[in-house]
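Read the structure below first, then the notes.
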Amino acid sequence: MDASDHPVDAGGETAVNAGEDTDYDHMIHGKGFFETLVENGSDAIITIDESSKILYANQSVERVFGYEPGELIGSDLTKVMPDRLQQSHYNALNDYVESGDRTMNWNDIEIPGQHKEGHEVHLSVTFEEHPYEDRRVFSGIIRDISERIERERQLERKNEQLEKFASIVSHDLRDPLNAAQARLSLAKAHAEGGETYMEEVEEIHERMGALIDDVLTLTKEGRAVGETEHVALEPIARDAWQTAGADTATLDIDDPNHVEADPERVRTVFENLFGNAVRYAGEDAHVRVGQLGDGNGFFVADDGPGIPEEKRRDVFEYGYTDSEDGTGFGLNIVKSIADAHGWNVELTESEEGGARFEFCAPAIE
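Heads up: the sequence shown is residues 4 to 368, going by my numbering.
Structure representation (structure tokens):
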């Protein structure tokens with residue numbers, strides 16, 4: 004399209020430049036346009052006076068703090084602050100009003116805010132001072148950075164997992180390899196008794212296999228839970244029993260109901276707990292799976308020796324075990340899966356005196 008293709012008015016000007024009163028010119032130069040930007044921008048904006056009274060709040064404060072602007076105007080700014088920060092706010096504001104000296108950077112300060120519903124939100128705030136009707140007022144441009152903080156926390160957890168794996172590879176797997184090599188050397192050097200050494204090598208290799216399986220599981224559980232669905236716990240528990248149970252042990256399932264979960268992860272929970280029960284309660288272990296009394300979750304209980312109260316918190320830690328053939332990862336995996344689902348897991352004593360693991364996970368009728 005050349006110049007001749009543009010629509011023109013009777014005086015020969017293109018229509019877009021026809022006059023000062025076009026919609027475009029009015030939008031750009033009118034105060035209403037900028038007020039709309041401030042009111043509906045993605046960042047919350049709050050203005051206070053020297054006494055911390057809120058003079059203005061834009062519409063985005065509702066998205067960040069849960070309050071409508073009218074609920075904040077006239078209130079103290081501490082209404083959107085956690086209790087522990089309120090006195091520090093007053094002190095800093097008073098000091099600045101009296102001295103004019105900034106004791107901190109006013110740009111992109113990361114602080115927690117208090118939501119109307121009671122929880123805290125992670126914020127990035129930039130402050131500005133400006134005059135208004137012969138008064139000093141202060142405005143904060145406030146951005147909710149909760150999602151970014153959560154991503155950083157997930158990355159930190161993944162880095163912690165990598166450190167664990169490095170420890171496993173450098174120590175927990177290297178030691179069995181060295182032991183197996185030593186047994187093979189002894190077997191070669193002794194014609195008689197070599198069979199015993201080879202059996203020991205086989206046991207070491209089995210332990211290494213268990214370690215590798217747990218490392219792979221830990222790698223998987225380090226990620227967020229996959230697709231969840233409405234699942235019945237009974238068939239998952241029975242499948243897990245086929246893998247981790249024992250021929251002489253018994254499993255009773257007492258209406259464990261349904262949960263919203265990743266079925267593969269739940270099976271891993273059952274496999275680890277069933278394996279523990281057989282290991283500590285013996286080949287004739289009796290294991291029960293059932294629904295919690297209030298219907299908000301399920302439990303797995305056994306009739307083994309139980310776990311002393313003073314050790315119940317420690318057993319969920321990475322690498323904790325008091326068994327010669329344990330890897331120390333099983334219960335850490337269980338807790339990781341529960342955490343990933345948003346469940347709370349507690350270890351108590353079963354009716355038979357054994358271990359009882361309770362998972363608080365709202366049941367689905």
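Glycine included, C-beta positions come from ideal geometry on N, C-alpha and C.
Treat the numbers as computed from the prediction; the structure is a model and nothing was measured.
Its Cα nearest to that of G121, the residue D86 stands out among E206, A182, S188, D86. DSSP, reduced to helix, strand and coil, places E237 within a helical segment of the structure shown.
In this structure, DSSP gives Q90 a helical state, which the three-state scheme calls helix. Three or more beta-carbon pairs separated by less than 8 Å are not found between the region 283–295 and the region 335–345, which leaves the two stretches without contact. In this structure, V281 and G248 form a Cβ contact; the two beta carbons are roughly 7 Å apart against a cut-off of 8 Å.
Nearest to L254 by alpha-carbon distance, out of D242, E159, A264, is D242. Here Y99 is not near S55, since their CB atoms are 8 Å or more apart. Among the bridge pairs identified by DSSP, V67 is matched with none.
Comparing alpha-carbon positions, the option among A341, S102, G285, A60 lying closest to F302 turns out to be A341. Scanning its chain for C-beta atoms nearer than 6 Å, with the 5 sequence neighbours on each side dropped, one finds around G356 the residues G309, in chain order.
Your pair I114 and L126 checks out as a contact, with CB atoms roughly 6 Å apart and the cut at 8 Å. If you draw a straight line from the Cα of E286 to the Cα of L276, it is about 14 Å long. About 20 Å separates the Cβ atoms of S63 and D79, ruling out a contact at the 8 Å cut-off.
Close CB contacts of P365 within its chain, under the 6 Å cut and outside five residues either way in sequence, are with N299 (chain order). In this structure, DSSP gives L58 an extended state, which the three-state scheme calls strand. In this chain, the alpha helix (DSSP H) harbouring F277 covers 266–284. Scanning L189, E101, D147, A182 for the CA closest to the CA of I207 turns up A182. A Cβ-Cβ distance of about 43 Å is found for the pair E53 and R160, leaving them out of contact under the 8 Å criterion. Residue pairing from DSSP places L254 in a beta bridge opposite V290. Here the alpha carbon of E320 sits roughly 15 Å from the alpha carbon of P311.
Counting only runs of at least 4 residues, the region 92–176 fully encloses the following alpha helix (DSSP H) elements, listed from N- to C-terminal order: 149–170. Using a Cβ distance threshold of 8 Å, F68 and G116 count as a contacting pair. Annotated three-state conformation of H344 is helix, per DSSP.
Annotated as distal: A95 and I76, with beta-carbon spacing of 8 Å or more. Here the C-alpha atom of S91 lies approximately 56 Å from the C-alpha atom of P238. Only buried fits S353, as 16 or more other CB atoms lie within 10 angstroms of its CB.
Exposure of E153 is indicated by the presence of fewer than 16 other C-beta atoms within 10 angstroms of its C-beta.
Listed in chain order, the non-local C-beta contacts of V272 below 7 Å within the same chain comprise V337, I340, local neighbours out to five positions each way being set aside. Going by C-alpha positions, E71 is about 37 Å away from H233. Under the DSSP assignment, G73 falls in the alpha helix (DSSP H) whose first and last residues are 72–75. If you draw a straight line from the Cα of L58 to the Cα of D137, it is about 14 Å long. Where E354 is concerned, there is no enclosing beta strand (DSSP E), because DSSP gives it neither an H nor an E.
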